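Enquirer: Quick one: this structure, given as structure tokens, is what I'll be asking you about.
Below, the structure written as structure tokens:
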């Protein structure tokens, strides 16, 4: 495809906008989570339940709002990308929803985030059983392998799971999933400068270029809802992977998708990096906008779209893609882009275009789902300054916070009257009538959000809180002005019906009406304090760290003294981690 044709396709919405004004298009962005992925999983579990109940009510001819919502794309980073992958797997199946602490057999969100992702698997040594295996991470990567297995093996035949007879009307066909990646190899790009003027009789000037390497990567997958759809009929872009709905026949496509899902969740150093492969052609489908400007005459020049073409030829021959195959190692997508808002927004609007913001006219929106979007954390400087480890820890904290959000994304989501950007975060009511937001509301937020992996009760609380938060948000805040054409004049035509689906702000209606079971308020889950915490964790952490230290020492061929020093450092590291765990568990014991 020519560069002009690629650019023209990028400037179009990824999924065609319906002509009918009574369909609202939705893109969901799922933030990185660590163990708070249990909260995000609960949000998605309830969202699917609410949309299914509404569609069932419409099919049954019940007196409910008749407009439509269509989910076009999910974009996720880290744990959010894993949650997006689970929704993709569950898209063509019916399953039970986890409505209580008892859970639901066969529910993929509950099964992975509550039952499976636990410290037991992470402190093992299965990744080091092979004497030739590299020590690639502090934790055993087997936990991530298990997550990938669930993504591949879950489906009809599991307890309470069956195939849907007809596709879900609230999903685009195909719908997309985008996951961010931190590409450790990177992709080379160049910026050409105008050549200097040739001198009379002199040699031709050498072209000049400035090169840079881009490490903030992403991958895009398309999921048709019906078997047998011809790829040519799906209007796929040249940088998309197709993943068919037949779990058995299309297993190779699902296996590739699972590898990318594991890659976006490969927390740096915590879990091992992943080696991926893709066509180098995918990187021709990257573009940027040159800023607009106003000239001295007051003429406004709009932003201009430009392709970013990889400069593979600038690399030594042995480093260029081999036969069009680009192989790279990568870690957690949240390391560089923990909230792919702009990528999802461009998928809805097209490069260089904007979504209508006015709540009276908006026809599409980006919904940000982030368990931690709340009060800032800016601790005071250490009284005695920072040593080497303190600098490293502070840098990691700054890097993590910086990757979460662009300020403009937050402001636009909270701006009154904006109907194209919404934000849902964790919230918990306190006994005195107040509300805790973000990490303060979560039981899993301690230890850099790793705390939830230590105890199932913490994950159960956060999962059920996610369901409650989603229900309350859909009822009160995920709304548009009643004059929006989406509702077809419902407020004037059927004021009694409209009154049942009012939002919190006057003159607004729910975008996703809550009907039947999802309409009922959900109780706030009991805070998981007063539990008996299992002992012996420090010893297991020490054993894991020493195993990793020994393997690293073997790989470097160091002497006995160096190995003893490494084991001593592992013991000290285990003590430090145990202190942080105790601090995190102490915080959970504080009544809320």
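In the working numbering, the protein residues as written are 307 to 898.
Glycine included, C-beta positions come from ideal geometry on N, C-alpha and C.
Bear in mind that the values here come from a model prediction, so they are computed numbers and not experimental data.
(1) Quick check: the Cα distance between residue 440 and residue 333, rounded to an integer number of angstroms?
(2) DSSP three-state call for residue 444: helix, strand or coil?
(3) For residue 767, does the count of other Cβ atoms within 10 angstroms reach 16, so buried, or fall short, so exposed?
(4) Please state the DSSP three-state secondary structure of residue 334.
(5) Just grab the DSSP bridge partners of residue 496 for me.
(6) Buried or exposed: which applies to residue 659, given that a residue is buried once 16 or more other Cβ atoms fall within 10 Å of its Cβ?
(7) How many angstroms separate the CA atom of residue 632 from the CA atom of residue 579?
(8) I want to know whether the stretch 612-624 touches the stretch 634-642 - three or more CB-CB distances under 8 Å.
(9) Would you mind listing the beta strand (DSSP E) stretches within the stretch 613-655 that are 3+ residues and don't spill past its ends, in chain order?
(10) Alpha carbon to alpha carbon, how far is residue 575 from residue 444?
(11) Can you tell me the Cβ-Cβ gap for residue 338 and residue 381, rounded? I've got them flagged as a contact below 8 Å.
(12) What are the residues that DSSP puts in a beta bridge with residue 321?
(13) Use the C-beta contact count for residue 360: other C-beta atoms within 10 angstroms, 16 or more gives buried, fewer gives exposed.
(14) Here's the rule I'm using: 16 or more other beta-carbon atoms within 10 Å means buried, otherwise exposed. How should residue 595 be labelled?
(15) Enumerate in chain order the residues of its own chain whose CB-to-CB distance from residue 612 is below 7 Å, with the five nearest sequence positions on each side excluded.
(16) What is the rounded straight-line gap between the Cα of residue 487 and the Cα of residue 525?
(17) Counting Cβ pairs, one atom from each stretch, are 3 or more of them under 8 Å apart for the stretch 409-423 and the stretch 386-397?
(18) Could you please give me the residues that DSSP links to residue 547 through a beta bridge?
(19) Count the C-beta pairs between the stretch 549-568 and the stretch 445-456 that are closer than 8 Å, then say yes if the count reaches three, no if not.
(20) Go ahead and pull the three-state DSSP assignment for residue 591.
(21) How is residue 785 classed by DSSP in three states: helix, strand or coil?
(22) Find the nearest neighbour of residue 834 within the set 820, 522, 891, judged by alpha-carbon distance.
(23) For residue 583, which three-state DSSP category applies?
(24) List the whole-angstrom C-beta distance separating residue 815 from residue 786, where the pair is believed to meet the contact cut-off of C-beta under 8 Å.
(25) Give a yes or no on whether the minimum CB-CB distance between residue 734 and chain D is below 7 Å.
(26) With respect to the alpha helix (DSSP H) encompassing residue 735, which residues constitute its N-terminal and C-terminal limits?
Expert: Quick look at the numbers:
(1) 39 Å
(2) coil
(3) buried
(4) strand
(5) 517
(6) exposed
(7) 16 Å
(8) no
(9) 631-638
(10) 6 Å
(11) Between residue 381 and residue 338 the Cβ distance is about 12 Å, and since that is not below 8 Å, they are no contact.
(12) Its beta-bridge partners do not exist; DSSP assigns none.
(13) buried
(14) exposed
(15) 593, 594, 596
(16) 8 Å
(17) yes
(18) 527
(19) yes
(20) coil
(21) strand
(22) 891
(23) strand
(24) 7 Å
(25) Among the chains in the structure shown there is no chain D, since it carries only a single protein chain.
(26) No alpha helix (DSSP H) holds residue 735; the beta strand (DSSP E) holding it covers 733-735.
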